[in-house]
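There are 2 protein chains.
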Amino acid sequence: MTTKQICFADRCFNFAFGEHILESIEDYIPRDEFDRYIVISDSGVPDSIVHHAAEYFGKLAPVHILRFQGGEEYKTLSTVTDLQEQAIALGANRRTAIVAVGGGLTGNVAGVAAGMMFRGIALIHVPTTFLAASDSVLSIKQAVNLTSGKNLVGFYYPPRFVFADTRILSESPPRQVKAGMCELVKNMLILENDNLEFTEDDLNSTNVYSPKQLETFINFCISAKMSVLSEDIYEKKKGLIFEYGHTIGHAIELAEQGGITHGEAIAVGMIYAAKIANRMNLLSEHDVSAHYWLLNKIGALQDIPLKSDPDSIFHYLNHDNKRGYLKLDEDNLGMILLNGVGKPAVYNQSLLTPVRKTLIKEVIREGL
Amino acid sequence: MTTKQICFADRCFNFAFGEHILESIEDYIPRDEFDRYIVISDSGVPDSIVHHAAEYFGKLAPVHILRFQGGEEYKTLSTVTDLQEQAIALGANRRTAIVAVGGGLTGNVAGVAAGMMFRGIALIHVPTTFLAASDSVLSIKQAVNLTSGKNLVGFYYPPRFVFADTRILSESPPRQVKAGMCELVKNMLILENDNLEFTEDDLNSTNVYSPKQLETFINFCISAKMSVLSEDIYEKKKGLIFEYGHTIGHAIELAEQGGITHGEAIAVGMIYAAKIANRMNLLSEHDVSAHYWLLNKIGALQDIPLKSDPDSIFHYLNHDNKRGYLKLDEDNLGMILLNGVGKPAVYNQSLLTPVRKTLIKEVIREGL
Numbered sequence: 001m002t003t004k005q006i007c008f009a010d011r012c013f014n015f016a017f018g019e020h021i022l023e024s025i026e027d028y029i030p031r032d033e034f035d036r037y038i039v040i041s042d043s044g045v046p047d048s049i050v051h052h053a054a055e056y057f058g059k060l061a062p063v064h065i066l067r068f069q070g071g072e073e074y075k076t077l078s079t080v081t082d083l084q085e086q087a088i089a090l091g092a093n094r095r096t097a098i099v100a101v102g103g104g105l106t107g108n109v110a111g112v113a114a115g116m117m118f119r120g121i122a123l124i125h126v127p128t129t130f131l132a133a134s135d136s137v138l139s140i141k142q143a144v145n146l147t148s149g150k151n152l153v154g155f156y157y158p159p160r161f162v163f164a165d166t167r168i169l170s171e172s173p174p175r176q177v178k179a180g181m182c183e184l185v186k187n188m189l190i191l192e193n194d195n196l197e198f199t200e201d202d203l204n205s206t207n208v209y210s211p212k213q214l215e216t217f218i219n220f221c222i223s224a225k226m227s228v229l230s231e232d233i234y235e236k237k238k239g240l241i242f243e244y245g246h247t248i249g250h251a252i253e254l255a256e257q258g259g260i261t262h263g264e265a266i267a268v269g270m271i272y273a274a275k276i277a278n279r280m281n282l283l284s285e286h287d288v289s290a291h292y293w294l295l296n297k298i299g300a301l302q303d304i305p306l307k308s309d310p311d312s313i314f315h316y317l318n319h320d321n322k323r324g325y326l327k328l329d330e331d332n333l334g335m336i337l338l339n340g341v342g343k344p345a346v347y348n349q350s351l352l353t354p355v356r357k358t359l360i361k362e363v364i365r366e367g368l
Numbered sequence: 001m002t003t004k005q006i007c008f009a010d011r012c013f014n015f016a017f018g019e020h021i022l023e024s025i026e027d028y029i030p031r032d033e034f035d036r037y038i039v040i041s042d043s044g045v046p047d048s049i050v051h052h053a054a055e056y057f058g059k060l061a062p063v064h065i066l067r068f069q070g071g072e073e074y075k076t077l078s079t080v081t082d083l084q085e086q087a088i089a090l091g092a093n094r095r096t097a098i099v100a101v102g103g104g105l106t107g108n109v110a111g112v113a114a115g116m117m118f119r120g121i122a123l124i125h126v127p128t129t130f131l132a133a134s135d136s137v138l139s140i141k142q143a144v145n146l147t148s149g150k151n152l153v154g155f156y157y158p159p160r161f162v163f164a165d166t167r168i169l170s171e172s173p174p175r176q177v178k179a180g181m182c183e184l185v186k187n188m189l190i191l192e193n194d195n196l197e198f199t200e201d202d203l204n205s206t207n208v209y210s211p212k213q214l215e216t217f218i219n220f221c222i223s224a225k226m227s228v229l230s231e232d233i234y235e236k237k238k239g240l241i242f243e244y245g246h247t248i249g250h251a252i253e254l255a256e257q258g259g260i261t262h263g264e265a266i267a268v269g270m271i272y273a274a275k276i277a278n279r280m281n282l283l284s285e286h287d288v289s290a291h292y293w294l295l296n297k298i299g300a301l302q303d304i305p306l307k308s309d310p311d312s313i314f315h316y317l318n319h320d321n322k323r324g325y326l327k328l329d330e331d332n333l334g335m336i337l338l339n340g341v342g343k344p345a346v347y348n349q350s351l352l353t354p355v356r357k358t359l360i361k362e363v364i365r366e367g368l
């Protein structure tokens, strides 16, 4: 088991992770800290996991479980309001904690709910996917969707505690684990990581890992993300680096219409970003190869080529302006590029480098 | 015209007020600061005022007007979502400003909407009631209602600018002005106010004032409130003093079921608080008289006695736990009391003094 203190500026909390960590929550939360716990989970989280988590919180104070319909179309303020009304009816007050048991979707909906009740009550994350444990909970961005777009409404709100049970994560579907591993590889590519506690040989394409291995991976992701985000809590300056691969990756995710996971789309997006940087003489062939090699290691480039055609990808690229890139003019897009592995390219003191759209189109046409 | 810089901790903004101040907004807002303005107003705000305000913002950038149904039952996240969807459809983005033209209701709904769009875009308050200009906008608490209670969901979000046109305020209904004057008298009673720019003779019971007089009153309320709130931005410590009169006042407001304004209810609540403090040997007869005298000056104790019976008031007092008091045990309530005019009573380092419920009941039974 590992415990790390995470600080977003002056807002700090403990993140405890390891096998069966939930058995130890009494060591972290004083018995009289909260008067009751409201567990919130979307319908995609297995019942057994929700009840398992609730059981341990129930040893500290009364616990209630609220479920909501999963899926992006239900990630709305309307769902948040329903959960808040139910929580109040169950007796929630300023001394109550909201416990988000689930992946990123549950974390965001519960995060918005907790951040607004009585103008902010305690939020506890129990991530049940490796992606949530190693990426989502390492951000205080909370948001829900409008019909006009994803994550358009929200705010910044930190949790009070995070507990990640690596046994639960190790038993989750391999493709879910792979989604998180894609972001882990991103962290390996964008930052200079000294004293790595694992080697590339520890990665595998089956995406089946032991709880102990996942603990090591989470530990790495915490160090990587917090080395940047502890001082850029709004993720608007140096934190933009975590949007690497997202410009084209997000367009691919949209074009594939649910056919691939966010992580897989980002993996492909990173390959394209590397190829583009190479054409612009920013990145060496050797470093482009490092992208292929690492992503193949985790099986992220299997089952590619994509179904969607380059024009469709380019359409979304041109019309979505919500990710980490800037529309500069008609001919260019701002993209996050690398000068080398661990070396973000800087242009005009910003991580966004202008890239000609014709070059982007050309590289997408060529494929992987 | 007066301009004051208001700071809630390190979050500062300019508050400009005076006759026809809207004509001068170009002196405060750089022309390229916002790409468009979305004016939000509830249906209770006169059309002429909304269009008048929109006209001046329209000189700086494109402006759109969104109206929503007024009334507490529509002060919800559902209304907020509707406004956000409409704003996005009109082209709102991170560089857009939301302009709240109205009283406290509009300020809160627009405040919650602005605070969440793209995780927070600029909010500009144009208060059109004296209460909003002298009280509501001097708080960064934003909230909307749940069916289970008022102001149960929200957060803290400061405006970027406040513009109060004292001409508009001077032409508003006298009873609306009186609501604000009750809070002004509260500020006179709870704080030591040196160098007051007006005398008690400047108060009148018709509640008709010139723009210049209202400017002086707003200036006083800013000094009074910010002397405390600039360091207690969450209004949970020294800021609790502004809840003076609210314990019993809020119960009276509920018992009267809309028959009296919030300000009038607080006026009566302050009288009861003074009488209770006197019975507890905390406050002199002379200082109790000061309460009656000042509140009579502004006509706040006219049309009293109340319609509701003492038992009904006591019922709400016992069941509402959302105002600035603490339930201590079965026999006591925590109330904000005074030791003298300008001298809050302190009990155990807190502004909440335990008061026997039997004493509260007795004083309410006796009436004013």
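As you go down the protein sequences, you meet chains V and H in turn. What the first sequence shows, in the UniProt record's numbering, is residues 1 to 368, in sequence order. What the second sequence shows, in the UniProt record's numbering, is residues 1 to 368, in sequence order. Note that beta-carbon positions come from the ideal geometry of N, C-alpha and C, so glycine has one too. Because the structure is a prediction, the values reported are computed rather than measured.
Check: Thinking C-beta only, is residue 13/V closer than 8 Å to residue 112/V?; Outcome: no
Check: By Cβ distance, which residues of its chain are closer than 6 Å to residue 127/V, with the 5 residues on each side in sequence left out?; Outcome: 133, 137 and 164
Check: Please check if any C-beta of chain V sits within less than 8 Å of the C-beta of residue 141/H.; Outcome: yes
Check: Starting from residue 353/V, trace the beta strand (DSSP E) both ways and give me its first and last residue.; Outcome: 352-356
Check: Any idea what DSSP makes of residue 360/H, helix, strand or coil?; Outcome: helix
Check: Would a check of beta-carbon distances place residue 81/V closer than 8 Å to chain H?; Outcome: yes
Check: Measure the CB-CB distance between residue 354/V and residue 367/V and report whether it falls below 8 Å.; Outcome: no
Check: Buried or exposed: where does residue 1/V fall if 16 or more other Cβ atoms within 10 Å of its Cβ makes it buried?; Outcome: exposed
Check: What residues of chain V sit near residue 104/H, judged by a beta carbon separation below 8 Å?; Outcome: Going along chain V, no residue has its Cβ under 8 Å from residue 104/H, so there is no contact; the nearest lies around 16 Å.
Check: Indicate whether at least one CB of chain H lies closer than 8 Å to the CB of residue 67/V.; Outcome: no
Check: List, from N- to C-terminal side, the alpha helix (DSSP H) runs of 4 residues or more that fit wholly inside the UniProt domain "3-dehydroquinate synthase N-terminal" (68-178) of chain H.; Outcome: 77-89, 104-116, 130-134 and 166-170
Check: Is the number of C-beta pairs between the region 203-221 of chain H and the region 338-346 of chain H that are closer than 8 Å three or more?; Outcome: no
Check: Name, going along the chain, the residues of the region 102-134 of chain V whose beta-carbon falls closer than 7 Å to a beta-carbon of chain H.; Outcome: 115, 116, 117, 118, 119 and 120
Check: Indicate whether at least one CB of chain H lies closer than 8 Å to the CB of residue 137/V.; Outcome: no
Check: Given a cut-off of 8 Å, decide if residue 77/V and residue 185/V are closer than it, judged by their beta-carbon atoms.; Outcome: no
Check: Near residue 106/H, which residues of its chain fall below 6 Å by C-beta distance, leaving aside the five closest residues on each side in sequence?; Outcome: 41, 42 and 100
Check: Just how far apart, CA to CA, sit residue 235/H and residue 9/H?; Outcome: 12 Å
Check: May I have the straight-line CA-CA distance separating residue 286/H from residue 90/V, to the nearest angstrom?; Outcome: 47 Å
Check: Which residue's Cα is closest to the Cα of residue 141/V: 166/V, 261/V and 232/V?; Outcome: 232/V
Check: By Cβ distance below 7 Å, which residues in the same chain neighbour residue 21/V in space, the five residues on each side in sequence not counted?; Outcome: 1, 163, 164 and 165
Check: Among the candidates 278/H, 5/H and 251/H, whose CA atom is the shortest distance from the CA of residue 267/H?; Outcome: 251/H
Check: Within this structure, are the beta carbons of residue 53/H and residue 108/H separated by less than 8 Å?; Outcome: no
Check: Should residue 15/H go down as buried or exposed, given a rule of 16 or more other Cβ atoms within 10 Å for buried?; Outcome: buried
Check: Kindly indicate if chain V contains any beta-carbon less than 8 Å away from that of residue 172/H.; Outcome: no
Check: Looking at residue 181/H and residue 298/H, is the spacing between their C-beta atoms short of 8 Å?; Outcome: yes
Check: So, with DSSP's three-state summary, where would you put residue 3/V?; Outcome: strand
Check: Starting from residue 294/H, find everything on chain V with Cβ-Cβ shorter than 9 Å and list it in chain order.; Outcome: Those do not exist, as residue 294/H stays about 32 Å from chain V at its closest Cβ, beyond 9 Å.
Check: Measuring only between beta-carbons, confirm whether residue 299/V sits less than 8 Å from chain H.; Outcome: no
Check: Grab me the residues of residue 350/H's own chain with a C-beta within less than 7 Å of its C-beta, minus the 5 sequence neighbours each way, in chain order.; Outcome: none
Check: Could you check whether the Cβ of residue 350/H sits closer than 8 Å to any Cβ belonging to chain V?; Outcome: no
Check: Thinking residue 116/V and residue 155/H are a contact (beta carbons under 8 Å), I'd like their distance in whole angstroms, please.; Outcome: 6 Å
Check: Taking Cβ positions only, does residue 154/H come closer than 8 Å to chain V?; Outcome: yes
Check: Going by the beta-carbon positions, is the gap between residue 79/V and residue 85/H smaller than 8 Å?; Outcome: no
Check: Under 8 Å between beta-carbons, which chain H residues line up against residue 89/V? List them in chain order, please.; Outcome: 148
Check: Under the three-state reduction of DSSP, which class applies to residue 208/H: helix, strand or coil?; Outcome: coil
Check: Secondary structure at residue 25/V, three-state DSSP: helix, strand or coil?; Outcome: helix
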